[in-house]
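Note sheet for the following structure.
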Amino acid sequence: WNAQTCLEAAAGGHLETLKWVRENGCPWDHATCAWAAHGGHLEVLQWARKNGCPWDEVTCDGAAQGGHLKVLKWLRKNECPWDEGTCSAAAEAGHLEVLQ
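Position one of the sequence shown corresponds to residue 2 (my numbering), numbered consecutively onward.
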């Protein structure tokens with residue numbers, strides 16, 4: 002397995018699966034947080050960050066594209082980086098509330 006395994010667990014909101022694969026040595030990368038955010042899986046995202054999973058601007062982009070304002074607010078409160086791509090992602094997906 003590889004980081005894709007963690008990404009898929011996070012994208013599906015499968016926290017117990019993500020915990021298990023990590024306990025068994027599966028690697029992860031910033032895409033794990035990005036796909037958890039895209040799916041609106043705040044609990045998965047919180048656990049991943051608490052356990053050292055990296056994130057970057059793409060994490061905020063994922064939340065914006067998925068229309069998950071609550072997740073985006075949590076990300077920003079916790080100093081997740083963002084850039085103009087976050088607004089572009091919200092606009093592309095038609096999430097006016099997120100864009101505002």
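Ideal placement from N, C-alpha and C gives every residue a C-beta, glycine not left out. Given the structure is predicted, the values throughout are model-derived calculations rather than measurements.
Check whether residue i and residue j have beta carbons under 8 Å apart
i: residue 32; j: residue 64; result: no
i: residue 40; j: residue 14; result: yes
i: residue 7; j: residue 19; result: yes
i: residue 91; j: residue 66; result: yes
i: residue 46; j: residue 27; result: no
i: residue 58; j: residue 30; result: no
i: residue 103; j: residue 88; result: One cannot answer for residue 103 here, as it falls past the ends of the chain, which runs 2 to 101.
i: residue 2; j: residue 22; result: yes
Residue interval of the alpha helix (DSSP H) (run including residue i)
i: residue 93; result: 85-93
i: residue 63; result: 58-67
i: residue 48; result: 43-51
i: residue 21; result: 16-24
i: residue 27; result: Unbroken run through residue 27: none, as it is neither H nor E.
i: residue 80; result: No alpha helix (DSSP H) holds residue 80; DSSP gives it neither H nor E.
i: residue 39; result: 31-39
i: residue 5; result: 4-12
Nearest neighbour of residue i, chosen from the options [CA to CA]
i: residue 44; options: 61, 11, 74; result: 11
i: residue 56; options: 71, 70, 79; result: 79
i: residue 72; options: 51, 52, 54, 42; result: 42
| At least three beta-carbon pairs within less than 8 Å, the region 47-63 to the region 93-100 | no
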